[in-house]
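Participant:
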Amino acid sequence: MLIGYARVSRGDDQSNTAQARALADGGCKRILKEEASGGRWERPELHRMLDHLRESDTVVVWKLNRLSRSLKDVLTIMERIEATSAGFRSLTEAIDTTTSRPVPEPSGADRAGEAP
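Here the sequence shown stands for residues 2 to 117, numbered as in my numbering.
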């Protein structure tokens, strides 16, 4: 199941309606909305989502900074997602852990100077 997570900062008169619409258009069947700072770890909807992930789920965000503004927290969240064998996708950045693409072999020009 595609599970969307939409977050806006509290107190900024922001709305997560546009994010939720993009997540629904992206195929999310369930969308969790949160009003909390991305720099804070205390986000009940985020933790509820992480606690209930299953192997077949994919967490989808509109943009990576909606998940967190802290790189350390993003990595921690990604580790929790990976631990459940769930996937992650960002709609605006080229991030999708549910697809695996083979790494292209370097061309002859890229290998110039390599020993045979």
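Backbone N, C-alpha and C define an ideal beta-carbon position, used for all residues, glycine too.
For a minimum of 4 consecutive residues, which ranges assigned as the alpha helix (DSSP H) are wholly contained in the stretch 29-76?
Facilitator: Correct list: 45-52 and 65-68.
Participant: Rounding to the nearest angstrom, what Cα-Cα distance links A19 and R31 in this structure?
Facilitator: So the two alpha carbons sit approximately 15 Å from each other.
Participant: Going straight from the alpha carbon of S86 to that of D58, what length do you get?
Facilitator: Cα to Cα, S86 sits roughly 8 Å from D58.
Participant: Kindly list the residues whose CB is nearer than 6 Å to the CB of I82, restricted to its own chain and excluding five residues on each side of it in sequence; keep chain order.
Facilitator: The residues are V60 and F89.
Participant: Which residue's Cα is closest to the Cα of C29: Y6, E46, R49 and M79?
Facilitator: The option with the nearest alpha carbon to C29 is Y6.
Participant: Here's the rule I'm using: 16 or more other beta-carbon atoms within 10 Å means buried, otherwise exposed. How should S69 be labelled?
Facilitator: Classification for S69: buried.
Participant: Closest to M2 by CA distance: which of T77, A23, R55 and L72 is it?
Facilitator: M2 has its Cα closest to that of R55, out of T77, A23, R55 and L72.
Participant: Leaving out the 5 sequence neighbours to the left and right, which residues in its chain are closer than 8 Å to T99 when beta-carbon positions are compared?
Facilitator: The answer, listed in chain order, is T59, G88, F89 and R90.
Participant: Would DSSP call A95 helix, strand or coil?
Facilitator: Looking at A95 - three-state DSSP - the assignment turns out to be coil, as it is neither helix nor strand.
Participant: Given a cut-off of 8 Å on the beta-carbon distance, is the pair W63 and L33 in contact?
Facilitator: Contact: no.
Participant: Under the rule that 16 or more other beta-carbon atoms within 10 Å means buried, what is S16, buried or exposed?
Facilitator: Exposed is the call here.
Participant: Measure the Cβ-Cβ separation of L65 and E35 and say whether it is below 8 Å.
Facilitator: It is not a contact, given that the beta carbons lie outside the stated cut-off.
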